[in-house]
Structures are given as C-alpha cells and as structure tokens.
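All remarks here apply to the structure that follows.
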Amino acid sequence: MLRFSHLKKVLVGSAFAGAFLFAAPAASAQDLPDFSLDSAQIVDQVRGELSRFGIETAPVDEQVTDAVDAAADQLNQHVSRAAKAAAQAVPEAAPLIEQATQATQHYADMPATNPNPLGIEDELEQATQPEFKPQVSDPNYVWKNDLFSKVMAAKPTADYVLHRVPGSYFDAPRMPKESNQALAQGKSLYGPGTPIYVGGDTMCTLTVAGYDAQGHKVGITAGHCGDVGESVASADSWQVGDTGTVVHKDEALDYSVIELGSDAEVSRTYNGVTAYRFGGDVNPGDIMCKRGVASGTTCGMTFLVTDQLQFNQVCAMVGDSGAPVFNRGRVVGVISAGLTAGGNTLPCVTPLQGGIHVPTVTSDADAIKASMDRRGGVGAGFYLPKD
0 MLRFSHLKKV
10 LVGSAFAGAF
20 LFAAPAASAQ
30 DLPDFSLDSA
40 QIVDQVRGEL
50 SRFGIETAPV
60 DEQVTDAVDA
70 AADQLNQHVS
80 RAAKAAAQAV
90 PEAAPLIEQA
100 TQATQHYADM
110 PATNPNPLGI
120 EDELEQATQP
130 EFKPQVSDPN
140 YVWKNDLFSK
150 VMAAKPTADY
160 VLHRVPGSYF
170 DAPRMPKESN
180 QALAQGKSLY
190 GPGTPIYVGG
200 DTMCTLTVAG
210 YDAQGHKVGI
220 TAGHCGDVGE
230 SVASADSWQV
240 GDTGTVVHKD
250 EALDYSVIEL
260 GSDAEVSRTY
270 NGVTAYRFGG
280 DVNPGDIMCK
290 RGVASGTTCG
300 MTFLVTDQLQ
310 FNQVCAMVGD
320 SGAPVFNRGR
330 VVGVISAGLT
340 AGGNTLPCVT
350 PLQGGIHVPT
360 VTSDADAIKA
370 SMDRRGGVGA
380 GFYLPKD
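FYI, the numbering for the sequence shown is 0 to 386, going by numbering that gives the first Met the number 0.
This is the structure:
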C-alpha cells in the first residue's frame, strides 16, 4: 500500500544516516548499493500474482526483459555518477548528519513531519543547503538546493527543488495560487490532486472533489488512507484546520468518501490539472497520467484492465495514494498500490528511474461511482463542479 502514516513516525536520524534507496548525499561511491534487476524473474512473479485475480498473461519475452535489464544497468551507472558529484559538492554533510543523528535518538516516537519537530533544522540545512535558508512553516514543504537533491530530481540546473514526502526525490508540486486565495478567505480548496492529511498522520492525494445528489460537498481518495470518522485537512492550506471527515470506506475497491464542510470549496481544476469527467473506458495500451503530492505528474502504459482494477506502469509512491489517474482529460482511476510479488519491490522514488519500477494498481473510477450509487447516502449521484 502507498501508506504514509508510519513514515511520519520514523526516526529522522536513521533516515538521513542511509535508509534511502540511493544513500545520503555525502556517501562515497563504495557505499552505494548496486541497482541490479532481473526483470524476467520479476515479470514471472507478477504474472503469478495477477493469476490470483483470474488474469492470465503471456509468457516472458526475453528480448524485452534483456532490454529492460540493460536500461537498469545504465540507470545504475547514472545514479552512481550523480552520487559521486553530490558527495564532492557537500563533503561536510556526513559528520553534521551523524552529529544530528546521535543527538536525536531519544525523540524516535515524536512525529517527524511537524515544523522542525526534533529541533535539528539548522544542522540539516547547513549540511545540505549551506547557502539557502528558506522560510519554511509547513510540515511537509522542504526546499533543497544541494546538488544531490537536484540531480536526483533530474533538475541539476534548477535553483532549488521541493520535497513534500520523506523518501521522494521528485520535485514536488507547489501550493497553487488558487489554494492561497481560498486560504486568505479562511477556506480550503479541494480539487484533483490536492494533497491531504487524513487522521492527522497520513498523507495522501485527493482524487476529485464535487457534489452528490443531495448537495453535499464530497471528496474521493484511496480507501487505505484512513478510517471512517477520521478528519481530513488540505496539506496546501493546513492552517485552516480540519475541513472534512471520512464517511465511507470500501476496502474491496480501496476508495473512501469524504464529506467536506462549510469551510471547504470544491473545483474541477486544481494546480493546473482539470477533470472534465469522472469515469470512462480504459483499454490496454492506453497511456495514463497521474498527479500526486509525492511524485507529481507521471505517465505510463496500461497493461491490463478488469471490471474493478487497472494495471499500469504509472510511477506512484508513498503519498500518491488516491491520486487521480487521467486519460484524455477524464479521471478514470484512483491510485491504490504498487504491485509486488514474492517480496520483490522496486519503488519509484526518482525520475531517473524512468519506467523501471513496480507496476501500479489503480481502482476503476466507473466501478467506484457505481459502488457509491448502490450504497446511497453521502457520495451517491456524484458529479464534478462546473468550474
């Protein structure tokens, strides 16, 4: 599952000491793990996993898997060069990070996403951003201008990149102007791709927001993001506080219905993304794109489609759960989870990976809408706002 709650409680020190996939910026080349891939084995394991859903797939094409393995080797070389460059740029980071780690071991149970929760903001900024001092007041809004972060975001010439979810090296979506305008009026704006907090300790992405047949303001996200009765707040306007509540959770389809309050506004457009329709046909071979708080906008091909699920190669990671999946302007799915088999996982944490990561499972929008209509109550008769 693409769940965030446990990441809020991880030990910040151990994370900076080397728990990330590609190691810390100051690590030497010898410390970096080799990025090796036996794609034929992974495909066989995925085929076995899909068979549990009654889906039979063609045998492995060795020419294709050999090409994927070759691409993985190139990625390994590229990441190694990037890490070497970053290590040379900030050689002083390692002792400072180690010092911060030792100083904060006893804070392991404290939430790690509150503003400066462990009191080590100055040390970490000095270690990774020696000449950049952003005014950060948001729990998950961290600017980085060190070479390692920029290279891993595939933006080496950028002035800075934004991290919003621990473990993600993508340059994350910024708070949009329309959200700030709503915030100035004491309201939170919700639309496709809005980052949300559920229950105070889980970060996910909103699929869409709109109205139901009874006129309730309604939002939809992944079911595993929270439980019925838990509060919902926008991560782009968290200052407003809780502005919604989870009122229904469907574990089979992995979606939740959120009833939004009077201090919430809804829109079909958010941060440059517009949902022209909720639902629509999906076919194998279709190119899908999603917008999530952790990895932004990513696209990939659809492999398989069932009545309730879609399997595609769209990059998604922790924090992207619930993200809208688009095809020709239609929101046709909801990001649910990464497809793993036999304990093998290859998460998508940097754009340098390209399409080399585990496939993604998406809940079908038409199936979700039909489920809400059958159940009745809040969410039944859902439709998008006019603007």
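Quick reminder that beta carbons are idealized off the backbone N, C-alpha and C, glycines included.
Return the CA-CA distance between residue i and residue j, expressed in angstroms with no decimal places.
i: T100; j: M316; result: Bear in mind that a pLDDT of 47 at T100, under 50, signals an unreliable position, so the model cannot answer this.
i: F302; j: D253; result: 20 Å
i: Y275; j: L205; result: 16 Å
i: S167; j: G328; result: 26 Å
i: K186; j: E177; result: 11 Å
i: H247; j: G353; result: 36 Å
i: S236; j: S261; result: 15 Å
i: D280; j: Q184; result: 39 Å
i: D363; j: F147; result: 37 Å
i: K154; j: G376; result: 46 Å
i: G295; j: A322; result: 10 Å
i: D170; j: G318; result: 14 Å
i: A263; j: E229; result: 16 Å
i: F381; j: R163; result: 30 Å
i: R290; j: G192; result: 5 Å
Measuring alpha carbon to alpha carbon, tell me which residue in the options is nearest residue i.
i: P165; options: V292, V272, S178; result: V292
i: V227; options: I219, S335, P358; result: I219
i: D285; options: Q309, S266, V377; result: Q309
i: E258; options: R267, G240, V231, A251; result: V231
i: G240; options: D170, D365, F277, L182; result: L182
i: D306; options: T361, G299, C314, G337; result: T361
i: T244; options: V330, W142, F325, Y196; result: Y196
Go ahead and label residue i buried or exposed: buried means 16 or more other beta carbons lie within 10 angstroms of its beta carbon, across all protein chains shown.
i: N311; result: buried
i: K368; result: buried
i: K216; result: buried
i: N139; result: buried
i: S370; result: buried
i: K385; result: exposed
i: N179; result: exposed
i: A152; result: buried
i: A221; result: buried
i: R374; result: exposed
i: P358; result: buried
i: T156; result: exposed
i: E61; result: exposed
Could you name the residues of the same chain whose beta carbon sits closer than 8 Å to that of residue i, not counting the 5 residues immediately before and after it, in chain order?
i: G271; result: P175
i: Q238; result: L182
Enumerate in chain order the residues of its own chain whose CB-to-CB distance from residue i is below 6 Å, with the five nearest sequence positions on each side excluded.
i: D372; result: A379
i: A208; result: Y189, G190, G218, V265
i: F325; result: C288
Starting from the C-beta of residue i, find all residues in its chain whose C-beta is less than 7 Å away, skip the five residues before and the five after it, and write them out in chain order.
i: D158; result: N144
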